[in-house]
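Each remark here refers to the structure printed beneath this line.
Numbering (our numbering), first residue to last: 2 to 350.
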């Protein structure tokens, strides 16, 4: 049987539209912009130590945009000797408007200092166990949102390259910078205000939602401390954040014999005050009500809600603390009071 030899041209297979394209590099940007790779690095990393003309900067940015090039964070970290990632684990409880605004301002301030803020979702880990999970990401700084982290966890984070560990809580942790939260002071201020308004049988709302005991327990302790030795009484009032729970508490209000209540915060205060009014309990005549946080909605209620205003520091100040710690990781840890608490009297008391 005869054989016929056929020569097949060595032509490349057509590229599929879905085939992955090669990742553009800084060398590609440099060629397209007609500059050196060093110039690309200076421009895209916004290096202020080297002067680059504005036309050159525009040319580099146009080339990077056309190619879809972005700098490689890992390579940048290798050059710097550390990452620019600041890790913010999610708080153990849902964050309210006050905390959310604070985090927004802080993230903006860190971005202006050339850090990248990464929020870490709550994955059920706590304390030192959580620290090991955070360390896997090799952040340059970690902001721990609640209690539980101990000196061992701080050491794990620092051995992994974290130059700054900042904790939020009532007590400092060895090796970490501390932002101290005086929730007992919030309770003291609220109870003192109710006492000064003539209230002697004071209730304090204790939320039943898991995790909030970190804040509610010291607020209750502070209220008890404020009236200790005066003859006034403080009664803990467990309350879930539901209309049904508030209605049940309001239904037995007269049996409790209370004439004032610190409702933990403005949100619980609004919930309870509405239920009390539905039950025919007059505010403030029968029961004075005070919250905390000074939310906008508190001023829109009728009667307008008295509150404990919590003033948080500027995001810029906290960002500068992180930056100082990153630049000088061997410095003695700093401790700062995170907020001031001031009573704002309105119609509900």
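For each residue, glycine too, the CB sits at the ideal point set by N, CA and C.
Within the DSSP bridge table, the entry for residue 310 names 343 as partners. Counting along the chain, residue 38 sits inside the alpha helix (DSSP H) bounded by residues 38–45.
Within a 10 Å sphere around the beta-carbon of residue 119 sit fewer than 16 other beta-carbons, which makes this residue exposed.
Here the alpha carbons of residue 240 and residue 290 stand approximately 15 Å from one another. The C-alpha of residue 157 lies about 21 Å from the C-alpha of residue 117.
Residue 292 counts as buried, since no fewer than 16 other beta carbons sit within 10 angstroms of its beta carbon. Note that the C-beta distance between residue 149 and residue 128 is below 7 Å. Between the stretch 204–213 and the stretch 163–178, the count of C-beta pairs closer than 8 Å stays below three; the two stretches do not touch.
Approximately 18 Å separates the beta-carbon atoms of residue 309 and residue 237; this is outside 8 Å, ruling out the contact. When secondary structure is reduced to three states using DSSP, residue 121 falls in the strand class. For residue 202, the pairing in a beta bridge is given by DSSP as 234. Taking a contact as a CB-CB distance under 8 Å, the pair residue 250 and residue 274 does not count as one, their CB atoms being some 11 Å apart. In terms of Cβ geometry, residue 327 and residue 142 form a close pair [threshold 7 Å].
With respect to the C-alpha of residue 257, the residue from 232, 243, 287 and 228 having the closest C-alpha is 287.
The shortest CA-to-CA distance from residue 97 to any of 268, 306, 347 and 332 is the one to 268. Between the alpha carbons of residue 264 and residue 92 lies a distance of about 22 Å. Cβ neighbours of residue 136 within its own chain (closer than 6 Å, five residues either side excluded): 157, 158 and 161.
Judged by DSSP secondary structure, residue 144 falls within the beta strand (DSSP E) whose first and last residues are 142–145.
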